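Beneath this line is the structure, given in structure tokens, with notes to follow.
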Amino acid sequence: MKLEGKRVLLTGATGGLGEAMARQLAAAGARLILTGRNQEKLQALKQQLAGGPHTTVVVDLHNAGQRQRLVDAVSETGIDILLNNAGINYLQLFADAPEEDVALQLEMNLLVPMQLTRALLPVLQAQPEALIINVGSILGSIGFAGSVAYSASKFGLRGFSEALRRELADTTVGVLYFAPRATATPIHTDRMVQMNESLGTSVDKPDYVAQQLLRCIAGKRPHNHYLGWPEKLFVRLNGLLPTLVDKSLFKQLPVIKQFAGQ
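According to this note's numbering, the sequence shown is numbered sequentially starting from 162.
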């Protein structure tokens, strides 16, 4: 898909990855609808973007009423791409995780993208070419200790993307599941950063991840796309020989528990 003139609804626009995506999408000629909870950050980002016109919508996607107002506004203008980027991640042992933390991760990372997509499907299907992009994670294919609820939510998002892609295969709407590995964004707390350093985990810069996303959009019929090596290999191994991945991750468990249990 060529991005020139395409209307893109970007959720989580003021996060580190969202900002990088916004800049590169705008530079490629897309017209953006930026969403987030902070009006000042949205306006500051909008002023930095090339091209346009771009618009901002202050919305708490956790709130069904506010989410519906966003849907109503977008339904009037139309969109070509829905980019479900907003999400949250808590580093915590599952046994210690408050019930509300578990529920919020499942809601924001899975249910909100599903509901927003469902509500906007008529708008997308009215376009000659449209695309739904769900930003997942490598942990949506490899269950990871200390991120149990997060992994579950991203596994669900991957399944949703796959099933919806097949359901829409006879339409003009494509579905891309885009799964970065660890990325240097504000969603990663100091404890996550320290844990990744202790484990020797590779961490990508947001600009690189955004660049890879644009390459996916410009490619052929969307599918699943995973970033990082050896993470891509581990995704395949986890599907074919999960016990090998179990053994590898077991060696990391003491370090993970050290940081996730704080």
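From the three backbone atoms N, C-alpha and C, an ideal C-beta is built for every residue, glycine too.
Nothing here was measured: the structure is a model prediction, and the numbers come from that model.
Going along the chain, which residues of its own chain have a beta-carbon closer than 6 Å to the beta-carbon of D241, five neighbours each way excluded?
Result list for D241: K167, R168, Q288 and A291, in chain order.
Cut-off 7 Å between Cβ atoms - residues of its own chain near V396, not counting five sequence neighbours on either side:
Only I299, S302, I303 and Y387 meet the Cβ criterion.
Residues in its own chain within less than 6 Å of Q209 by CB, not counting five upstream and five downstream?
Contacts found: none.
When the Cα atoms are used, what is the spatial distance from K207 to Q200?
Distance between the alpha carbons of K207 and Q200: 10 Å.
Where R352 falls: helix, strand or coil (DSSP)
Note: R352 maps to helix in three-state DSSP.
Could you say if the region 326-335 and the region 275-288 meet the contact criterion of at least three C-beta pairs nearer than 8 Å?
The region 326-335, when compared against the region 275-288, does touch it at the 8 Å Cβ threshold.
Where T175 falls, given that 16 or more other Cβ within 10 Å makes a residue buried:
Buried.
Apart from the five residues on each side of it in sequence, which residues of its chain come closer than 7 Å, Cβ to Cβ, to Q185?
A371, Q372 and L375, listed in sequence order.
Pop quiz: R380 and F339 are said to be a contact at Cβ under 8 Å. What is the actual Cβ separation, rounded to whole angstroms?
Checking the displayed sequence, the identity of residue 380 turns out to be Gly instead of Arg. No, G380 and F339 are not in contact; Cβ-Cβ is about 11 Å, not under 8 Å.
Exposure of S358, with buried meaning 16 or more beta-carbon neighbours within 10 Å
For the record, residue 358 in the displayed sequence is Glu; it is not Ser. With a 10 Å radius around the Cβ and a threshold of 16 neighbouring Cβ atoms, E358 comes out exposed.
Taking 7 Å as the cut-off, decide whether the C-beta atoms of N245 and P274 are in contact.
In contact: N245 and P274 (Cβ atoms closer than 7 Å).
With burial defined as no fewer than 16 other Cβ atoms inside 10 Å of the residue's Cβ, what is the status of N224: buried or exposed?
By the Cβ-count criterion, N224 is exposed, with fewer than 16 other Cβ atoms from all chains shown falling within 10 Å of its own Cβ.
If the criterion is Cβ atoms closer than 7 Å, does the pair L193 and A183 meet it?
In terms of Cβ geometry, L193 and A183 form a close pair [threshold 7 Å].
Please name the residue, chosen from A421, Q204 and L222, that lies closest to P214 on a Cα-to-Cα basis.
Shortest Cα-Cα distance from P214 to any of A421, Q204 and L222 involves Q204.
Alpha carbon to alpha carbon, what distance is there between V218 and E237?
Straight-line spacing of the CA atoms in E237 and V218 works out to 14 Å.
Within a Cβ cutoff of 7 Å, which residues of the same chain sit near L405, ignoring the five residues on either side of it in sequence?
Excluding positions up to five away in sequence, the list reads L398.
C-alpha gap between K418 and V235, whole angstroms:
Their backbone Cα atoms lie some 43 Å apart in a straight line.
According to DSSP, is D221 helix, strand or coil?
In the structure shown, D221 sits in coil (DSSP, three-state: anything other than H, G, I, E or B).
Pick out whichever of A256, A188 and G400 has its Cα sitting closest to the Cα of V309.
Comparing C-alpha distances from V309 to each of A256, A188 and G400 shows the shortest one belongs to A256.
Quick one: residues in its chain with C-beta nearer than 8 Å to the C-beta of V416, no 5 flanking neighbours on either side, listed in chain order?
Same-chain partners within the cutoff: M356, S359 and L360.
Which word fits A138, buried or exposed, when buried means at least 16 other C-beta atoms lie within 10 angstroms of its C-beta?
There is no way to answer for residue 138, as the model of the chain reaches only from 162 to 423.
Rounded to whole angstroms, what's the CA-CA distance from E260 to K163? Just pull it up for me.
Straight-line Cα distance between these residues: approximately 43 Å.
Residue range of the alpha helix (DSSP H) that includes A247
Segment: none, A247 is in no alpha helix (DSSP H) and carries neither H nor E.
Could you check how far apart the C-beta atoms of G307 and Q253 are, in whole angstroms? I think they sit under 8 Å.
Yes, G307 and Q253 are in contact; Cβ-Cβ is about 7 Å, under 8 Å.
N295 in three-state terms, based on DSSP:
Three-state DSSP puts N295 in a strand.
Residue burial classification, E165 (beta-carbon count within 10 angstroms, cutoff 16)
Under this definition E165 is an exposed residue.
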